[in-house]
């Protein structure tokens, strides 16, 4: 059975700690049979900020024409959606936040227009993963990002029980995560666990 993974590297700095963590997860997933991976660095595409115009409540689409048109369709098709972001000023990087804000289209579709987000066979059969890194060593450094992540996954039809988090703090300089004692192993384990769970979900469909 085919598993489609859509992964967003949301850091403004390419190949930094959060993207390395993402690559480890994807390496683990990609080693499994039947896994198709689509990784997108948000710095390489144009995703404009939401205008807050609420036109999507009438049009069922955004009035802006940018790469979100492509992302929109890929989100619907994916079985697993992974968002990796560093923590800046106690919150998500602006690239990650712009992506989340532009999913307002899905929120309008779901709650205002009362339309489905995904085909019936995909509902309750998707997994969301949030990966984050932070330079600070505070336990609470990720707390402000979590509500936005919950909102993101909720509006794209991923249930809270089907979300996974891996958050690594105290990795500030570029490449610091390479020296973390458990990050790589935890990332590999997470990737395999997500694939295993998706296979279980898909088996229940048949």
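Residue numbers (my numbering): 1322 to 1527. Glycine included, every Cβ here is placed at the ideal spot set by N, Cα and C. Being a predicted model, the structure only gives us computed values, none of them experimental.
- With a 10 Å radius around its C-beta and 16 neighbouring C-beta atoms as the bar for buried, classify residue 1503 as buried or exposed. Position 182 of the chain shown, counting from 1, holds the residue named residue 1503. It counts as exposed.
- Message: Extract the residue ranges of the alpha helix (DSSP H) inside the region 1389–1436, only unbroken runs of 4 or more that lie entirely within it.
- Response: 1389–1398, 1415–1423, 1425–1428
- Message: I'd like to check one pair, residue 1512 with residue 1347: are the Cβ atoms closer than 8 Å?
- Response: Walking along the chain shown from the start, residue 1347 turns up at place 26. Walking along the chain shown from the start, residue 1512 turns up at place 191. The answer is yes: Cβ separation under 8 Å.
- Message: How far does the beta strand (DSSP E) with residue 1452 in it extend, from its first residue to its last?
- Response: By one-based count along the chain shown, residue 1452 stands at place 131. Counting along the chain, the beta strand (DSSP E) containing residue 1452 begins and ends at 1448–1454.
- Indicate whether residue 1477 and residue 1401 have their beta-carbon atoms separated by less than 8 Å. Here the question's residue 1477 lines up with position 156 in the chain shown. Here the question's residue 1401 lines up with position 80 in the chain shown. No, they are not a contact pair.
- Message: Can you tell me which residues form a DSSP beta bridge with residue 1485?
- Response: Stepping through the chain shown from its first residue, residue 1485 is reached at position 164. 1450.
- Task: Within the same chain, show all residues whose beta-carbon is closer than 6 Å to that of residue 1351, passing over the 5 residues directly before and after it, in chain order.
- Result: Position 30 of the chain shown holds residue 1351. Same-chain partners within the cutoff: 1358.
- Task: With a cut-off of 8 Å on the beta carbons, I'd call residue 1429 and residue 1378 a contact; round off their distance for me.
- Result: Sequence index remark: in the chain shown, residue 1429 carries index 108 (1-based). Sequence index remark: in the chain shown, residue 1378 carries index 57 (1-based). Going by Cβ atoms, the distance from residue 1429 to residue 1378 rounds to 4 Å, so yes, they are a contact pair.
- Query: DSSP state of residue 1479, grouped into three classes?
  - Reply: As a working note, residue 1479 is residue 158 in the chain shown. Three-state DSSP puts residue 1479 in coil, outside helix and strand.
- Buried/exposed call for residue 1327, threshold 16 Cβ in 10 Å: Locating residue 1327 in the chain shown gives position 6, counting from the first residue. The residue in question, residue 1327, is buried, as its Cβ has 16 or more Cβ neighbours within 10 Å.
- Query: According to the neighbour-count rule (16 or more other Cβ atoms, all chains shown, within 10 Å of its Cβ), is residue 1375 buried or exposed?
  - Reply: Within the chain shown, residue 1375 is the residue found at index 54, counting from 1. Counting Cβ neighbours within 10 Å, residue 1375 comes out exposed, since fewer than 16 surround it.
- Item | Completely contained beta strand (DSSP E) runs for the region 1484–1519, where each covers 3 or more residues | 1484–1489
- Message: Starting from residue 1356, trace the beta strand (DSSP E) in both directions and tell me its first and last residue.
- Response: The sequence position of residue 1356 within the chain shown is 35, counting from 1. Residue 1356 -> beta strand (DSSP E) spans 1356–1362.
- Task: Give the C-beta separation of residue 1516 and residue 1353 to the nearest angstrom, bearing in mind that I take them to be a contact with Cβ-Cβ under 8 Å.
- Result: As a working mapping, residue 1516 is identified with position 195 in the chain shown. As a working mapping, residue 1353 is identified with position 32 in the chain shown. Rounded, the Cβ-Cβ distance is 5 Å, consistent with contact.
- Message: Using a Cβ-based criterion (distance less than 7 Å to any ligand heavy atom), does residue 1387 qualify as near the ligand MN?
- Response: With respect to the ligand MN, the structure shown offers nothing to examine, as it has no ligands at all.
- Message: Pull the bridge partners of residue 1328 from the DSSP assignment, please.
- Response: In the chain shown, residue 1328 corresponds to position 7, counting from 1. Per DSSP, 1360, 1403.
- Measuring CA to CA, which of 1466, 1484, 1525, 1487 is closest to residue 1409? Within the chain shown, the letter at position 88 stands for residue 1409. The shortest C-alpha separation from residue 1409 is found at 1466.
- Message: Rounding to the nearest angstrom, what Cα-Cα distance links residue 1382 and residue 1454 in this structure?
- Response: Mapped onto the chain shown, residue 1382 falls at position 61. Mapped onto the chain shown, residue 1454 falls at position 133. Each residue's alpha carbon lies about 32 Å from the other.
- Opening and closing residue of the alpha helix (DSSP H) in which residue 1340 lies: Position 19 of the chain shown, counted from the start, is the residue given in the question as residue 1340. Start and end: 1338–1351.
- Task: Figure out for me which residue from 1323, 1438, 1380, 1498 has the closest Cα to the Cα of residue 1396.
- Result: As a first step, residue 1396 is located in the chain shown; it is residue number 75 there, counting from the start. Among 1323, 1438, 1380, 1498, the Cα nearest to that of residue 1396 is on 1438.
- Item | Selection from 1391, 1452, 1371, 1481 that minimises the alpha carbon distance to residue 1384 | Taking the first residue of the chain shown as 1, we reach residue 1384 at position 63. With distances taken between Cα atoms, residue 1384 lies closest to 1371.
- What three-state label does DSSP hand residue 1438 in the structure shown? Translated into the one-based positions of the chain shown, residue 1438 becomes position 117. Residue 1438: coil per DSSP, three-state reduction.
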